[in-house]
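What follows is a short report on a single structure.
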Amino acid sequence: MVTVSIVDDHESVRLGLQASLETAGFSVEHSVPSVTELLQRVAAAESGAGDVVVLDLSLGDGRSVTENVTAVQCTGAAVLIHSIADRVPAVREALAAGASGVVPKSSPICDVVNAIATVARGEELNNLEWASVVGADDEFARVQLGPREREVLNLYASGLPLKAVAAQLGIAPSTAREYLARVREKYVEVGRPAPTKVDLLRRAVEDGILPSLTEGT
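Residue numbers (full-length UniProt numbering): 1 to 217.
Next comes the structure, spelled out in structure tokens:
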């Protein structure tokens, strides 16, 4: 069973969301108006915050978005943002801090349920809201890769094995592996994880390091 906590300073939102999630078969561990209260309850209870914390961005608690997202992650839970979609800077900050995705409050409850299930499985939540926020700011969306990191990504994402990448660049395989690890870390830092080779190919195309697969067709 997926366990969830809800953090929203509007009681009506908390009550409605809790009822809907319990009807969907989820277990709601905590339903609170602030991250501070969530942490207090987690500290006092035997149970944690759950698999996923559904977090509003505008809590009026005097804490920054980054502080709240980071504090929730320290409980071991993933963070799913449930907020008003037009608060782009706050959503962008939450994603950069490590939130797993965003679902607007205007979304049907079935979309919220599906998003929680996706995040609970440890999967990346690819939705239009996240894409629009990331794509709205080139400085946020594009990682700042060094020349050698770009070369390694280019060759590896194009299909070459890592040993072949190292040989072509005249570096040791261990060095090529280190560059690739740095590339992955940088994509994680901007909320665009690339754990697989296919994901790296997508990121390389998105950032113009490799041409689109459809170009010229």
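Virtual Cβ for every residue (Gly too), placed ideally from N, Cα, C.
These numbers come from a predicted model, not from an experiment.
Using the beta-carbon count (16 or more within 10 Å), is residue i buried or exposed?
i    : result
S174 : exposed
G50  : buried
L55  : buried
E215 : Low confidence applies here, because E215 scores a pLDDT of 49, under 50, leaving its location unreliable; read the following figure in that light. Exposed, since its Cβ has fewer than 16 Cβ neighbours within 10 Å.
T217 : Its pLDDT being 40, under 50, T217 is placed unreliably by the model, and the measurement read from it follows with that caveat. T217 should be labelled exposed.
D111 : exposed
M1   : exposed
K163 : exposed
V4   : buried
Q40  : exposed
S58  : exposed
P108 : exposed
P33  : buried
L201 : buried
G122 : exposed
Can you determine whether any heavy atom of the ligand NAP sits closer than 7 Å to the C-beta of residue i, and answer yes or no?
i   : result
E29 : Although the ligand NAP was asked about, the structure shown includes no ligands whatsoever.
Provide the residue span of the alpha helix (DSSP H) that contains residue i, from first to last.
i    : result
L200 : 197-206
Completely contained alpha helix (DSSP H) runs for the UniProt domain "Response regulatory" (3-120), where each covers 4 or more residues: 11-23, 35-44, 65-73, 88-97, 109-120
Complete alpha helix (DSSP H) runs within the region 137-172 (minimum length 4 residues, chain order): 138-141, 147-157, 162-169
At least three beta-carbon pairs within less than 8 Å, the region 76-91 to the region 182-194: no
Stretch pair the region 56-70 + the region 93-109: three plus CB contacts closer than 8 Å: yes
At least 3 beta-carbon pairs within less than 8 Å: the region 18-26 vs the region 66-85: no
At least three beta-carbon pairs within less than 8 Å, the region 147-167 to the region 112-119: no
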